[in-house]
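So the structure is just underneath, and the comments pick up after that.
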Amino acid sequence: QYVIMDGDTLEPMKVVSTRGMTVDTQEYHPEPRVAAIVASHEHPEFIVNIKETGHILLVNYADIDNLTVTDIGAARFLHDGGWDRSKRYFLTAANQSNKIAVVDSRDRNLAALVDVEKIPHPGRGANLEDPEFGPVWVTSALGNANITFLGTDPEGHPEQAWKVVRVLDGQGGGSLFVKSHPKSTNLWVDSPLNPDEAISQSIAVFDINNLEAGYDVLPIAEWADLGEGPKRVVQPEYNKAGDEVWFSVWSGQKEESAIVVVDDKTRKLKHVI
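With this note's numbering as the guide, the letters of the sequence shown map in order to residues 20 to 292.
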């Protein structure tokens, strides 16, 4: 189920069931979970991913008593996703289906369903300007080392729109998040679920202006200097200025964890928290 709440008080205003039929085999699912929820920039709507059934719901909250929902059939096992740079198109992973669904939030329809490999896990994904293909959105994957670039400019680059235009090799599978910033020329890719500690405890960083040159590896967990523990490096996030990247270094409940701050321009350690 999903719940529409009052924005000021968080009082529940309407509870809506998500039970229903799967998008592919048309089988009834009694307990489909809600994954990503994002707010549309085009209409008074929430975009709601229903994981196991593969439906993307555009829930219009203009009149909650007479709720209007646009139901888009995408692919099963929807998870997380993010906006393209225009904030018109929502790109979201159907991870076990090995697809990226592209929702046109203005026209309220499915713009594309793109095949990718393997078990895509973009987080919100990363938007950047590919030197050859123009505006792209990037996802990494759990199941392999692929870092996949999708063209996202149907007006300026129609021949690349909603197609895989580039696939880079990362450190390995087990990636959860990619990150870049409009003020940066770096693309950061984590691999916290990789079975190799050397990979799960480090970060790969690409130069956007020279993508085919490969990646540099930064020993984030080593810089944290925590001692024993898995020390999985996860989810790079920029500060507001776009000149620092912050990394979580996760260890067990009884072990010390940390946040590592890296200078985006020099790729050098700035601080450990």
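We treat Cβ as the ideally placed atom computed from N, Cα and C, and that holds for glycine. The structure presented is a predicted model; accordingly, all values stated were derived computationally and were not measured.
- Counting only residues of its own chain and dropping the five nearest sequence neighbours on each side, Phe225 has a CB closer than 6 Å to the CB of Leu206 and Tyr234.
- Burial check for Pro177: the Cβ neighbour count within 10 Å stays below 16, so the residue is exposed.
- By alpha-carbon distance to Gly189, the top candidate from Ala55, Thr285, Lys273 and Ala232 is Ala232.
- The bridge partners DSSP lists for Ala260 come to none.
- Taking a cut-off of 8 Å on C-beta distances, the stretch 63-76 touches the stretch 46-55, as three or more cross pairs fall below it.
- The beta carbon of Gly271 sits closer than 7 Å to those of Gly248 and Pro249, all from its chain and outside the five residues before and after it, given in chain order.
- Glu274 and Ser105 have their C-alpha atoms spaced approximately 42 Å apart.
- DSSP places Ala54 in the uninterrupted beta strand (DSSP E) bounded by Val53 to Ala58.
- For Arg125 and Tyr108, the gap between their C-alpha atoms comes out near 8 Å.
- Apart from sequence neighbours up to five positions away, the residues of its chain that approach Ser194 with a beta-carbon distance below 7 Å are His140, Ser159, Ala160, Leu161, Val208, Asp209 and Ser210, ordered along the chain.
- Around the C-beta of Pro154, 16 or more other C-beta atoms lie within 10 Å, and the residue is accordingly described as buried.
- Judged by beta-carbon spacing, Val280 lies beyond the 7 Å limit of Trp242, meaning their Cβ atoms are not closer than that value.
- Taking each of Trp181, Pro150 and Gly142 in turn and checking the Cα distance to Val253, the smallest one comes out for Gly142.
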